[in-house]
Amino acid sequence: QAWRWEIARSVGSSDADDLRRGWELNSAMMRSCADIRDISFNAIQFSPDELVEFCVAMFRELGISQIIDVQCIQNFVAGVKDSMRSNPYHNWQHVFDVTQTLFVLGMQSGLLERIDPLERLAIVIASLCHDVDHPGVTNSFILKHQAYIFDNYGINADCLEHHHIDKADCMLGLDGREGLLKNLSDDVREKVLDNVHRLILATDMARHGDYVKRLQEVLTKPEFIPPNAKSSLGDFCRICSGNASAAQLDVLLADPELRKFSMDLLLKCADVSNVFKSA
Numbered sequence: 272q273a274w275r276w277e278i279a280r281s282v283g284s285s286d287a288d289d290l291r292r293g294w295e296l297n298s299a300m301m302r303s304c305a306d307i308r309d310i311s312f313n314a315i316q317f318s319p320d321e322l323v324e325f326c327v328a329m330f331r332e333l334g335i336s337q338i339i340d341v342q343c344i345q346n347f348v349a350g351v352k353d354s355m356r357s358n359p360y361h362n363w364q365h366v367f368d369v370t371q372t373l374f375v376l377g378m379q380s381g382l383l384e385r386i387d388p389l390e391r392l393a394i395v396i397a398s399l400c401h402d403v404d405h406p407g408v409t410n411s412f413i414l415k416h417q418a419y420i421f422d423n424y425g426i427n428a429d430c431l432e433h434h435h436i437d438k439a440d441c442m443l444g445l446d447g448r449e450g451l452l453k454n455l456s457d458d459v460r461e462k463v464l465d466n467v468h469r470l471i472l473a474t475d476m477a478r479h480g481d482y483v484k485r486l487q488e489v490l491t492k493p494e495f496i497p498p499n500a501k502s503s504l505g506d507f508c509r510i511c512s513g514n515a516s517a518a519q520l521d522v523l524l525a526d527p528e529l530r531k532f533s534m535d536l537l538l539k540c541a542d543v544s545n546v547f548k549s550a
């Protein structure tokens, strides 16, 4: 791999940086028996910069590098890393872990393959930015003590999520017009940003009960109830673990609102996934 990099660099190939990053990524991979397609991947084993390379690899595997320049992806992910504070939990490792878990669940279930590339772009951006610049305290703490974020969002119960959205917009450029989304048309960029904003708001745990209630309602649809079953609450678990039928996924994704709801739930599942992972 080293000689391939040197040859590419000597002939001025535009692939030289890609080869170098691939080389570095493979070197990091060799230090672990897991890989980014494995739910047991342990982010703590790798350096912050190595996690950036893993993120770029996920962007590539999802086909996003076909519509967004790889260098822009690299810069954006590195920017997210640099924007995360050194909190015990809400830090760069957490953001990466959520994104990698979303990647695994989404690929195993077939959900990420069935949504379009721009929706995949939006959900990965939202996953990376859902806790960007997190201060390490809760919405309740901010509202009770009227911390500095309170000054920007007032009595909104989800002021942290709005803070993450604002930070994400800044990182994407002014309303997404520069940076990662700069080559998209205005209409397409607006759709991507709308998805990103909705997805980040979905991670507010104060809304968790509402999502569970709606999920229970969705899964009472006849299309989701397996033969001889009294209920189908476990079906979304099967969807996320890759055991859903094609018909179940088609029902979810054919309806525009259920399509959005499914994306929201995928991110929410990834966000709380740490409880079933080994230390």
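Everything in the sequence shown is counted per our numbering, starting at 272 for the first residue and increasing by one. Backbone N, C-alpha and C fix where the C-beta goes; we use that ideal spot for every residue, glycine too. Every value quoted in this text rests on a predicted model; they were computed, and no experiment measured them.
Setting aside the 5 residues that flank it on each side, Ser354 is surrounded in the same chain by Val403, Asp404, Lys438 and Met442, each with a C-beta closer than 8 Å to its C-beta; the list follows chain order. Taking C-beta atoms as the reference points, Leu523 and Thr474 fail to come closer than 8 Å. For Arg391, the enclosing alpha helix (DSSP H) covers residues Pro388 to Cys400.
Along the segment 350-387, the beta strand (DSSP E) does not occur as any fully enclosed run of 3 or more residues. Only buried fits Gln371, as 16 or more other CB atoms lie within 10 angstroms of its CB.
Two segments are said to touch when three or more pairs of C-beta atoms, one from each, lie closer than 8 Å; by this definition the segment 427-437 does not touch the segment 351-370. The beta carbon of Gln337 is closer than 8 Å to those of Pro388 in its chain, skipping five residues each way along the sequence. When rounded, the separation of the alpha-carbon atoms in Met534 and Glu488 is 17 Å.
Looking at Pro319, Leu392 and Phe325, the one whose alpha-carbon comes closest to that of Lys462 is Leu392.
Taking a contact as a CB-CB distance under 8 Å, the pair Ala349 and Asn410 does not count as one, their CB atoms being some 28 Å apart. Short of 7 Å from the beta carbon of Val351, and not among the five residues preceding or following it, lie these beta carbons of its own chain, in chain order: Val366, Leu399, Cys400, Val403 and Met442. Nearest Cα to Arg331 within the set Pro319, Asp320, Leu322 and Ile344: Ile344.
Assigned with DSSP and collapsed to three states, Ser456 falls in coil, not helix or strand. With a 10 Å radius around the Cβ and a threshold of 16 neighbouring Cβ atoms, Val546 comes out exposed. DSSP places Phe312 outside both helix and strand once states are collapsed to three, so it counts as coil.
In the same chain as Gly334, and ignoring 5 residues on each side of it, the C-beta atoms closer than 6 Å to its own belong to Pro388, in chain order.
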